[in-house]
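Chemist: Please see the structure below; I have some questions.
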Amino acid sequence: MDQTLNIEQILREKKKNHHVTIKKLELEDHPVHVIYIPAITDIKQVQDAILLPLQEWNHKETPLPHAFSAEPLLQLEKKNDVDRYLLDGFTLLVEQQTVYAIDTAQFAYRSIHEPVSEMTLRGSRDGFIESLEQNVSLLRVHLRSTDLKFEEFTVGTRSFTNVSIAYIDRTVNEELLKDVRARINAVQEDYIPDGGVMEQLIEKNNYSLFPEIHETERPTKVSSALVEGKVAIFVEGSPSVLLAPTTLNSLFQQADDYNFKWIPASLIRLMRFMAAFFSVMLPSVYISLISYHHGLIPTDLAISIAKTREGVPIPSFMEALIMQLTIETLREAGIRLPKPIGPAVSIVGAIVLGEAAVTAGIVSPLMVIVVSFAAICSFTIADYALSLALRTISFVMLFAAAFLGIYGLILAVFIISIHLVHLQSFSVPYLEPFAPFYVKRWKDSLIRFKLKKGGGRIE
Amino acid sequence: MSDLKQLTMLQLVIVFISSMIGIGIILMPRDLANMVDSQDLWLSIIFGAVAVSVVSCIYVALAVRYPGLTFFEMTSTIMGKFIGFLFNFFFTVYSLIVAAYILRVTGGIIKNYLLDTTPLYVVVGSFMLVSMYLIYNGAGDIVRFFQLYFPIMMVMFIVLCLLSIKNLDFNNVRPVLQNNIWTTISGAQITFFSFLGMELLLIFSKLIKKKKAKQLLITMWTSIGLTALIYVVFHIISIGVLGVEELKEITFPTIEMAKSIEFQGFFFERFELIFLFGWLTTAYTSFTAYMYALTLGLKNMFTPSEWFLPVAGALIVALTLYPEGLTEVFHYSTQIQLISVAAIVVLPALLLIVSLIRGNTYAT
Chain F
559 MDQTLNIEQI LREKKKNHHV TIKKLELEDH PVHVIYIPAI TDIKQVQDAI LLPLQEWNHK
619 ETPLPHAFSA EPLLQLEKKN DVDRYLLDGF TLLVEQQTVY AIDTAQFAYR SIHEPVSEMT
679 LRGSRDGFIE SLEQNVSLLR VHLRSTDLKF EEFTVGTRSF TNVSIAYIDR TVNEELLKDV
739 RARINAVQED YIPDGGVMEQ LIEKNNYSLF PEIHETERPT KVSSALVEGK VAIFVEGSPS
799 VLLAPTTLNS LFQQADDYNF KWIPASLIRL MRFMAAFFSV MLPSVYISLI SYHHGLIPTD
859 LAISIAKTRE GVPIPSFMEA LIMQLTIETL REAGIRLPKP IGPAVSIVGA IVLGEAAVTA
919 GIVSPLMVIV VSFAAICSFT IADYALSLAL RTISFVMLFA AAFLGIYGLI LAVFIISIHL
979 VHLQSFSVPY LEPFAPFYVK RWKDSLIRFK LKKGGGRIE
Chain B
34 MSDLKQLTML QLVIVFISSM IGIGIILMPR DLANMVDSQD LWLSIIFGAV AVSVVSCIYV
94 ALAVRYPGLT FFEMTSTIMG KFIGFLFNFF FTVYSLIVAA YILRVTGGII KNYLLDTTPL
154 YVVVGSFMLV SMYLIYNGAG DIVRFFQLYF PIMMVMFIVL CLLSIKNLDF NNVRPVLQNN
214 IWTTISGAQI TFFSFLGMEL LLIFSKLIKK KKAKQLLITM WTSIGLTALI YVVFHIISIG
274 VLGVEELKEI TFPTIEMAKS IEFQGFFFER FELIFLFGWL TTAYTSFTAY MYALTLGLKN
334 MFTPSEWFLP VAGALIVALT LYPEGLTEVF HYSTQIQLIS VAAIVVLPAL LLIVSLIRGN
394 TYAT
């Protein structure tokens, strides 16, 4: 494509587009065209900073770039640049055969709110928004380091999405940085709507259930990850920032773990791991116990289980599967529904489906308890991608338990461990402090050991 | 990408312990009780450990002389192509037999305690597939998997030991050293084989680039010592809980011991589930180690193709389904022990002697 500037052609093209405003200023037979898109431009700034100085400008005394004192003026060389800058909210000044651009962008953004998907009790309440610039400034609030470096990329052959990576110089691994750059440059997609799409485009293990990249909306999480030597990937138009590399351990960590004293925080973190385990295993262990290994249940309990199952017409595996599917449906419905109708779902779910199904004798009450406890356990997993992975696995576990009982469950656990052991996120083993062993990093794994006071850093 | 370049000492210890403890911990008490017939039988384990420690010097000497080479590569370097091939063939057959033996006993126990109506080939086949998946991922992942499950295994065993203390009757263990010491020492014939897994140093030596003989010896002896300690503790508890007379009669004494633990008012009244999980892990790790040796052997002897893994799996499963029942399997144990001695003592010893005479090392 011809990249040389052809002013007439540009003006002709832009005139066709109704969203583009072109103002022609006749300054003593020296025409200057002012081009901007009103929807993404600060009109007041155009008026005060461009049109007013231009009217007082004498083209014989000073060249155009010197007419503006506050805003820097960029001279554009390529045709592509003209479109890029115009779409980034710049105002273009066309003087004879040269084009200049001034930053006057004012895109529509929402204000900063607490992220809905990641709640904390204590700690900062700010969350990222859709503006890349604002997100960078949010990060700078938490991390005022000169070593904090940014690199800009443009991804998307149609959307020209701005992507920028952040890291802390000298802390970050150079190999990791090279890997991230290469993967972002390799993306060949028309349109990048969100961080989640970017995540899938740059990750390696597309068949894995587990997220290879940690997604967060909290600036504090990003800043502490950067201090650890990770790389953050900001995508314009997305409030979720991607952190690479990630490990299973880091997906379980929460900001609140560090904001409270270490003993209760560690206990809560341990409980979170237990809850994740229960959410995956509990229904399948239950059905394997009652359909294969009655002998392992204490006699009294076995009798009471048998009583509750009296008259239930379907096998326990089907019962568990139906209940699990119901809960997944309720959860999905709860997410998609508008807020005012939300509570209605829980009422329908709890009373109609739970109570009535038990009274009608379709499912046993114990199964309702087991499945709903597992569901509540899965709510403790804060990272939604991880929780999706574990919920999928819990279905696999149900099938394994139905085929081979406890033995099948153990084999399924082996398979998942083998997969996790094999998995790498940007060349970092996914189960990092456990396999391979890094005993030094265990102090922030299952439990969170006390913070060092003598200048140690939180890892 | 996932392959480790170099094993650390800790990783080596874990690999050895994981491959040594396997079906031995389930079968040994009964065999020992029949052979030694006294409460001193745990002393035989120590004698067995000493014997294995001596044999392990051969492996260390070989591993130090030929760093970065597996057994299958050493043989042809030392003995020449043809005899090397025979050695490799024998070692591969040995790995095949041991792997099949472990798998058959495991399958038998699973059928006995967990799935009595499921056909054996389903139990064995699914175990095989899971193991093949791990081996497919490479040696680095095998080591990492062992690492991941090692603490879990240890915790299970410790929990089981602690829970058994209530049932322990020390009158069963006492008096010590009443028995004829020679009978106790002869028990080492049996205990020696529960330390099978040491010879895998010659397989994992691929991942040992440069280690000093002293370091390797310490690693080997640490793992033998820890394994012996676990065996001894288990045997003392088994004798204490069940008594020698009962040990002779029960097929799987250790599981029965776990079964005898009862805790009223807890959700699980019986704890064999915890034990079976811990033990299944050890069986899996030791089986995978031998299966890995087998695939390496096949890879080395025949032109490499991507079919060696399914072939190895099919061979093992076929061999596993051959005996009718566990009693028939136990009949073969004498022959298996003979093959083992030939493969893990005679072959490496011959290799070392020839290598010393010819004086060639990897470096020259």
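Read top to bottom, the protein sequences are chains F and B. Residue numbering for the first sequence follows my numbering, beginning at 559 and increasing consecutively. Residue numbering for the second sequence follows my numbering, beginning at 34 and increasing consecutively. In this text, a Cβ means the ideal position worked out from N, Cα and C, and glycines have one as well.
Using only the alpha-carbon positions, how far apart do I54(B) and I257(B) sit?
Modeler: Using only the alpha carbons, I get a separation of about 10 Å.
Chemist: Using beta carbons (cut-off 9 Å, strictly below), is S35(B) in contact with chain F?
Modeler: In this prediction, S35(B) scores a pLDDT of 39, lower than 50, which makes its location untrustworthy; the coordinate-derived value is nonetheless stated afterwards. For S35(B), the answer is yes, since a Cβ of chain F falls inside 9 Å of its Cβ.
Chemist: Taking DSSP as the reference, what is the three-state secondary structure of Y965(F)?
Modeler: Three-state result, Y965(F): helix.
Chemist: Considering Cα atoms alone, identify which of V155(B), T224(B), S109(B), S388(B) is closest to R63(B).
Modeler: Selected option, being the one with the closest Cα: T224(B).
Chemist: Just list the residues that DSSP pairs R1006(F) with in beta bridges.
Modeler: In the DSSP output, where bridge partners are listed per residue, R1006(F) has D1002(F).
Chemist: For T804(F) versus K779(F), is the C-beta distance shorter than 9 Å?
Modeler: The answer is no: Cβ separation not under 9 Å.
Chemist: So with CB distances below 8 Å, who are the chain B contacts of A993(F)?
Modeler: What A993(F) touches in chain B: R177, F178, Q180, L181.
Chemist: Helix, strand or coil: which one does DSSP assign to A724(F)?
Modeler: If DSSP states are grouped into helix, strand and coil, A724(F) belongs with the strands.
Chemist: Using a Cβ-Cβ cut-off of less than 8 Å, list which residues of the stretch 134-156 of chain B approach chain F; keep chain order.
Modeler: Flagged, chain order: I143, L147, L148, T151, V155, V156.
Chemist: With T217(B) and D73(B) assumed to form a contact (beta carbons below 8 Å), what rounded beta-carbon distance in angstroms separates them?
Modeler: At roughly 5 Å, the Cβ-Cβ gap stays under 8 Å, so T217(B) and D73(B) are in contact.
Chemist: In the DSSP assignment, find the beta strand (DSSP E) that holds I185(B) and state where it starts and stops.
Modeler: Counting along the chain, I185(B) falls outside any beta strand (DSSP E), though it belongs to the alpha helix (DSSP H) covering 172-197.
Chemist: Look up V590(F) in the DSSP assignment and say whether it is helix, strand or coil.
Modeler: It is a strand residue.
Chemist: Closer than 7 Å by C-beta to F178(B): which residues in its own chain qualify, once you throw out the five before and the five after it? Chain order, please.
Modeler: So the list reads L167, once near-sequence residues are dropped.
Chemist: Run through DSSP, which three-state label would H772(F) get?
Modeler: H772(F): strand per DSSP, three-state reduction.
Chemist: Which residues does DSSP pair with I660(F) in a beta bridge?
Modeler: Answer is T649(F), bridged to I660(F).
Chemist: Going residue by residue through the stretch 666-729 of chain F, where are the continuous beta strand (DSSP E) segments of at least 3 residues, counting only ones entirely within it?
Modeler: With a minimum length of 3 residues, the continuous beta strand (DSSP E) runs that stay inside the stretch 666-729 of chain F are 706-713, 719-726.
Chemist: Where L911(F) and I899(F) are concerned, what is the direct C-alpha to C-alpha distance, given to the nearest angstrom?
Modeler: Cα to Cα, the separation comes out at about 17 Å.
Chemist: For Q632(F), which residues does DSSP report across the bridge?
Modeler: The identity of residue 632(F) in the sequence shown is Leu, whereas the question assumes Gln. Beta-bridge pairing links L632(F) to A659(F).
Chemist: List, in chain order, every chain B residue whose beta-carbon is nearer than 7 Å to that of V979(F).
Modeler: D174, R177, F178, L181, listed in chain order.
Chemist: Does any CB atom of chain B fall closer than 9 Å to the CB of Y965(F)?
Modeler: At least one chain B Cβ lies under 9 Å of Y965(F).
Chemist: So which of K582(F), I593(F), I951(F) has the shortest CA-CA distance to N575(F)?
Modeler: Here the closest residue by C-alpha is I593(F).
Chemist: Please report the straight-line C-alpha distance between A933(F) and S71(B), rounded to a whole angstrom.
Modeler: C-alpha separation (whole angstroms): 54 Å.
Chemist: Compute the distance between the beta-carbons of V799(F) and F686(F), then report whether it is under 9 Å.
Modeler: Yes, Cβ-Cβ distance for V799(F) and F686(F) is below 9 Å.
Chemist: Measure how close the beta-carbons of E775(F) and P923(F) come, nearest whole angstrom, since I'm counting them as under 8 Å.
Modeler: With a Cβ gap of about 39 Å, E775(F) and P923(F) do not count as contacting.
Chemist: Can you name the residues of chain F whose CB is closer than 7 Å to the CB of Y323(B)?
Modeler: Result: empty, since nearest Cβ-Cβ is about 17 Å, beyond 7 Å.
Chemist: Please report the Cβ distance between I885(F) and S930(F), rounded to the nearest whole angstrom; I am assuming they are in contact, meaning their Cβ atoms lie under 8 Å.
Modeler: Yes, I885(F) and S930(F) are in contact; Cβ-Cβ is about 7 Å, under 8 Å.
Chemist: Does A396(B) come out as helix, strand or coil in the three-state DSSP assignment?
Modeler: With a pLDDT of 46 at A396(B), under the threshold of 50, the predicted position of this residue should be treated as unreliable, though the coordinate-derived value follows. A396(B): coil per DSSP, three-state reduction.
Chemist: Give, in chain order, every residue of the stretch 353-366 of chain B whose Cβ lies closer than 9 Å to some Cβ of chain F.
Modeler: Those would be none; no residue qualifies.
Chemist: Quick one: grab the DSSP three-state call for Q982(F).
Modeler: DSSP places Q982(F) in strand when its eight states are reduced to three.
Chemist: Quick one: does T103(B) have its CB under 9 Å from some CB of chain F?
Modeler: So no, T103(B) is outside the interface.
Chemist: Given a cut-off of 9 Å on the beta-carbon distance, is the pair M165(B) and G276(B) in contact?
Modeler: No, they are not a contact pair.
Chemist: Which whole runs of the alpha helix (DSSP H) in the stretch 198-278 of chain B are 4 residues long or more, in chain order?
Modeler: List check, alpha helix (DSSP H) in window: 203-206, 214-219, 221-224, 234-237, 246-275.
Chemist: In this structure, does DSSP put K552(F) in helix, strand or coil?
Modeler: For residue 552(F) there is no data in the structure shown, the boundaries of chain F being 559 and 1017.
Chemist: Within this structure, are the beta carbons of I880(F) and V928(F) separated by less than 9 Å?
Modeler: Not in contact: I880(F) and V928(F) (Cβ atoms no closer than 9 Å).
Chemist: Flag this pair as yes or no: are the beta carbons of L612(F) and P623(F) separated by less than 9 Å?
Modeler: No, the pair does not count as a contact, with Cβ atoms beyond the cut-off.
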